[in-house]
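Okay, so here's the structure we're looking at.
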Amino acid sequence: MSVDQQAATAKRKGEHIRICLQEQVNSVGIETGLGRYRFKHNALPELSFAEVSLNTDWFGKKLGAPLLVSSMTGGTDEAGAINRRLAVVAETRGWAIGLGSMRAAIENEQLAASFSIRKDAPTVPVIANIGAVQLNYGFGVESCRRAVDIAEADALVLHLNSMQEVFQPEGDTDFRNLLVSIEQVCRSLNVPVGVKEVGWGIDAETAAALVGVGVSFIDAAGAGGTSWSQVEKFRSTDDLRRQAAEAFADWGIPTAESVTEIRAALPEANIIASGGLRTGVDAAKAIALGANLAGFGRVLLPQAASSSKEISQEQLLQQFERIEFEMRTAMFGIGVGTINELRQTNRLILK
């Protein structure tokens, strides 16, 4: 990786963080779909609130809650600080944590430190991350293995971001024959390999094809939260792409629709629901719809990116605790005391 390429990567990562913090980058005209559902209140829950437990496990590792810090960033000093703050609080509360795209660290060892969070999160699941399309641009099994090693990760996720790449000025848009390459990675690594979208959702047919070649988990990452065509619109100097991005502000499969569709088609699949989740009630709905974990992304970023490390971690801790409290309260409100009971509830109904 040349000095110019390193500078370009750092610039892009910094721009993504700034834009996500300062600009209106939500999907427009499309929502997560979680708002279409409500829980049917149980006035006689027949349990103590103190007994309501969020404890679960994911690929053999225990979690304090079925919650995930979704993949966001890495590759710069600023991004490394964000990852470490998130990791400390994820470890404290028992959440899984995903890392942003590790392409930069594979190409330049000097950038690996921003993804090295195991010392901050020694016991919770850590998920390494590579763009699936990079398997068509010189990356292979060894690159994926290197990402896992850098992060000391428990799993690897390959992200699918075809629409983002189209609008990204330096985008890689050859998505041909990726299923075969994904299968090779799944067969070769000794950790679970998952696939995630980045905000446009995954349909049942695609999920079935992925599971069929050995993918261990699917992160739906549906529409209704951050739209990366909107993010790239703010970076682009190409008027054509900037204007065209507006036409895709409502593109994608809503998170709730993606999760329910995948679960109906694949009853045994390991599913993560992410994309626009903001509260513990959202997370409870996602689990009741069929997800194994619920992921939170940009909603955590303002606190994680605070200029003060101490204030940042305190605010993040409060945010994590609030999400958990909301989730436990929703469970209490429908009379379920465990995550398994929440998955089986018949009290999530259409409004």
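Sequential numbering from 55 applies to the sequence shown in this note's numbering.
Where is the CB? At the ideal position from N, CA and C, for every residue including glycine.
These numbers come from a predicted model, not from an experiment.
N-terminal and C-terminal residue of the alpha helix (DSSP H) that residue i is part of
i	result
Asn324	Counting along the chain, Asn324 falls outside any alpha helix (DSSP H), and DSSP gives it neither H nor E.
Ala261	258-266
Ala389	Here residue 389 is Gly; the residue named in the question, Ala, does not match the sequence. Per DSSP, Gly389 belongs to no alpha helix (DSSP H) and is neither H nor E.
Thr146	131-147
Gly334	334-343
Leu232	232-242
Ala299	293-300
Integer Cβ distance of residue i from residue j, believed to fall under 8 Å
i	j	result
Thr291	Pro223	7 Å
Pro99	Phe386	6 Å
Ile272	Ile325	5 Å
Arg197	Gly152	In the sequence under discussion, the amino acid at residue 197 is Ser, which differs from the Arg named in the question. With a Cβ gap of about 18 Å, Ser197 and Gly152 do not count as contacting.
Gly83	Asp304	3 Å
Range of the contiguous beta strand (DSSP E) that encloses residue i
i	result
Ile316	First-last for Ile316: 309-319, but that is the alpha helix (DSSP H), not the beta strand (DSSP E).
Trp112	110-112
Own chain residues within Cβ distance below 7 Å of residue i, not counting five before or after
i	result
Pro120	Leu108, Thr110, Ile341, Asn346, Leu347, Ala348, Ile393
Val142	Asp174, Gln367
Lys38	With the chain represented from 55 up to 405, any question about residue 38 goes unanswered, as that position is not in the structure.
Ala359	Ile71, Leu75, Ile136
Arg352	Cys74, Gly279, Thr280
Arg382	Val106, Leu108
Leu233	Ala263, Val267
Ala337	Leu121, Leu331, Ala348, Ile377, Met381
Whole-angstrom distance between residue j and residue i, CA atom to CA atom
i	j	result
Ile181	Lys405	35 Å
Gln297	Ile71	22 Å
Arg397	Ser328	16 Å
Asn96	Thr333	20 Å
Ala62	Asp208	30 Å
Lys86	Pro308	Residue 86 is actually Thr in this sequence, not Lys. The straight-line gap from Cα to Cα measures roughly 5 Å.
Asp226	Leu189	11 Å
Asn80	Gln284	7 Å
Arg241	Val267	9 Å
Ala64	Arg200	20 Å
Leu88	Gln238	35 Å
Beta-carbon contacts of residue i that lie in its chain and below 6 Å, excluding the five residues immediately before and after
i	result
Leu371	Val143
Ser155	Asn183, Gly185
Lys250	Val211, His213, Asp273, Ala275
Residue i CB to nearest heavy atom of the ligand FAD below 8 Å
i	result
Ala186	Of the ligands one can find in the structure shown there are none, so the ligand FAD has no counterpart to examine.
Contact set for residue i: own chain, Cβ-Cβ below 8 Å, skip 5 residues either direction
i	result
Thr314	Leu343, Gly344
Val414	Given a span of 55 to 405 for the chain in the structure shown, any question on residue 414 remains unanswerable.
Worksheet entry | Every unbroken beta strand (DSSP E) inside the segment 68-97 [3 residues or more] | 91-93
Give the list of continuous alpha helix (DSSP H) stretches no shorter than 4 residues that lie fully inside the segment 195-228.
Correct list: 195-205, 216-221.
* Just list the alpha helix (DSSP H) runs in the segment 348-395, keeping only unbroken ones of 4 residues or longer that don't cross its boundaries, in chain order. => 355-358, 363-388
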